[in-house]
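The block underneath contains the structure these notes are about, expressed in structure tokens.
In this note's numbering, the protein residues as written are 1 to 583.
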């Protein structure tokens, strides 16, 4: 009875919040005015921009995602009403590989014959790279600036901070360059980590300068001089050829409104609101969405693999970060295998890895699918360690030149809380039946004997990782070992070492999947499985013993915390050294 009352209260509260807080009209909404005549499409590239839509987007319906942005760009390129495209580039929270994909999508609009203008305010290296590589015309605000100052790699080390609260990390690794746990155990880069970081930064810097030079039609030597002389105010940026004009976004919009009868469509690509009744809401809370679209048409299934990799299943309704659950992904892969309308699959991998066990479970499922249907792995910003583990089972792998990948190696250990508990006056006692019964205990470090045993487990996991890459990639074992040892590579470096097949973004991977699946160029691409709506997720939560759990928001150090969290649950990880940022 209590549970039914609780469910009813939450349902009523949510319905009220939807109707009032979000301005939801439970009757038929008025039709939005449709601009007539030639117009300009305005699109915004700013803030949080996940690759795919998620349940979180429900709370910010105006927020976009990369897939939606690229669809809208393609739509604008073919839209007869759209005469020009105007993009405002703010501070998108993406990394270099996805910036390259978005720049390519913008360039395709210009290649289709539509004039494209990018407006910028204060842009950093990445924002300017995106604009310079993709946009034929760049306009900067009079009070704006271009922070063209070269790339910097910043690493974070937590050993001393952890020690200050009595926490230690008892870590081991297999692979000379496998330094994922180093931020938890050291205060500075090891020589091996520095060698790897220098190599990555050299290649990313080369790609950065080549992209700016090609987009702005500048000599490479001049770009280096511009980098060394930055940053630049608006007037200097124009004088140096980094931008074409100086002006505000408002002035641009006003000029376009004067020029075109249809004005500026400032929500281009946004679908008009659907009428929503209370009955619809009740259906959605029960997990019943709209009737499924016709799935008999031959298509490409696009399966996201985004976030750290962990075991188990479950939907995180209010989660602050995406997590790849092996059971969920294995079920999705099996569903794609059994769906006769799915002729090819694209795995979009943007993951630093995680659990070695979960990664192997997924590898087996990808391999089984690839034996029946073409599977193309498309690497995003990072597809390293466990992320690469999964990709190696695919039919082909595509990576952006700036993707961080490889990291074939494993790291293991545990987080020891003994000192932290002592600071709080907490004492522990352990009674064992077995000489290694408390091996996984967080209350003490490993003994020498336990350390040897864990190292043996890790060596076995590493050997299996290498075996999987050898089998999946059909490569000589010596070649794989030469690129392994936990070393992280850029996409272009990985291609040289045969770890990937081609350089390209998600659009290229989809085109290749259509080709391998013998599908026409216009064959549909569908997210698979279809993302659940907020209402469906909430409806499932209401059937659990605890309907609503506390909302947990992860701060800026979420990467470090995710690593600590994984080590609390797993002894052996295939996790990349992602505790650094290139900007």
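Quick reminder that beta carbons are idealized off the backbone N, C-alpha and C, glycines included.
Each residue's CA atom was taken as its position, placing residue 162 and residue 424 some 15 Å apart.
Residue burial is scored here from C-beta neighbours: residue 436 has fewer than 16 other C-beta atoms within 10 angstroms and is therefore classed as exposed. Per the C-alpha coordinates, the member of 417, 422, 467 positioned closest to residue 446 is 417.
Contact between residue 51 and residue 306 holds, since their C-beta atoms are separated by about 6 Å, short of 8 Å.
When the beta-carbon positions are compared, residue 145 and residue 233 come within less than 9 Å of each other. Using a Cβ distance threshold of 9 Å, residue 72 and residue 250 do not count as a contacting pair. Note that the C-beta distance between residue 363 and residue 206 is not below 9 Å.
CA-CA distance, residue 95 to residue 80, rounds to 33 Å. Looking at the backbone, the Cα of residue 371 and that of residue 488 are separated by about 28 Å. Residue 192 and residue 176 do touch by the CB rule: their CB atoms are close to 6 Å apart, below 8 Å.
Across the structure, residue 228 and residue 156 are spaced so that their CA atoms are roughly 25 Å apart.
With contacts defined as CB atoms closer than 9 Å, residue 408 and residue 484 qualify as a contacting pair. In this structure, residue 266 sits away from residue 137, with a CB-CB distance that is not shorter than 9 Å. At a Cβ-Cβ threshold of 9 Å, residue 118 and residue 151 do not count as neighbours. At a cut-off of 4 residues, the continuous stretches assigned as alpha helix (DSSP H) that sit fully inside the region 312–383 are 326–338, 356–370. Scanning the region 63–104 for uninterrupted beta strand (DSSP E) segments of 3 residues or longer gives 82–93, listed from N- to C-terminal end. Judged by DSSP in its simplified three-state form, residue 129 adopts helix. In this model, residue 135 and residue 103 are separated by some 8 Å (Cα to Cα).
Of the residues assessed, residue 43 falls on the buried side of the cut-off, its CB having 16 or more other CB atoms within 10 angstroms. In the three-state reduction of the DSSP assignment, residue 435 falls in the coil class. For residue 147, no beta strand (DSSP E) run applies, since DSSP gives it neither H nor E. Contact between residue 351 and residue 308 holds, with the beta-carbon distance rounding to 7 Å and staying under 8 Å. With a cutoff of 9 Å on beta-carbon distance, residue 77 and residue 112 are scored as near each other. Annotated three-state conformation of residue 187 is coil, per DSSP.
Beta-carbon to beta-carbon, residue 377 and residue 347 are separated by about 5 Å, close enough to satisfy the 8 Å threshold. Looking at the backbone, the Cα of residue 456 and that of residue 208 are separated by about 42 Å. Around the C-beta of residue 525, 16 or more other C-beta atoms lie within 10 Å, and the residue is accordingly described as buried. Excluding residues up to 5 positions away in sequence, 159, 169, 171 lie with their Cβ nearer than 7 Å to the Cβ of residue 185 in the same chain. For the pair residue 130 and residue 311, the Cα-to-Cα distance works out to about 36 Å. Assigned with DSSP and collapsed to three states, residue 137 falls in strand. According to the DSSP assignment, residue 429 belongs to no alpha helix (DSSP H), since it is labelled neither H nor E. The closest CA to that of residue 427, considering only 413, 442, 415, 414, is found on 442.
The residue from 100, 53, 92, 116 with its alpha-carbon nearest to that of residue 84 is 116. According to DSSP, residue 517 shares a beta bridge with no other residue. Judged by their CB atoms, residue 120 and residue 231 are not nearer to each other than the 9 Å cut-off. Remark: C-beta atoms of residue 200 and residue 153 approach each other more closely than 9 Å.
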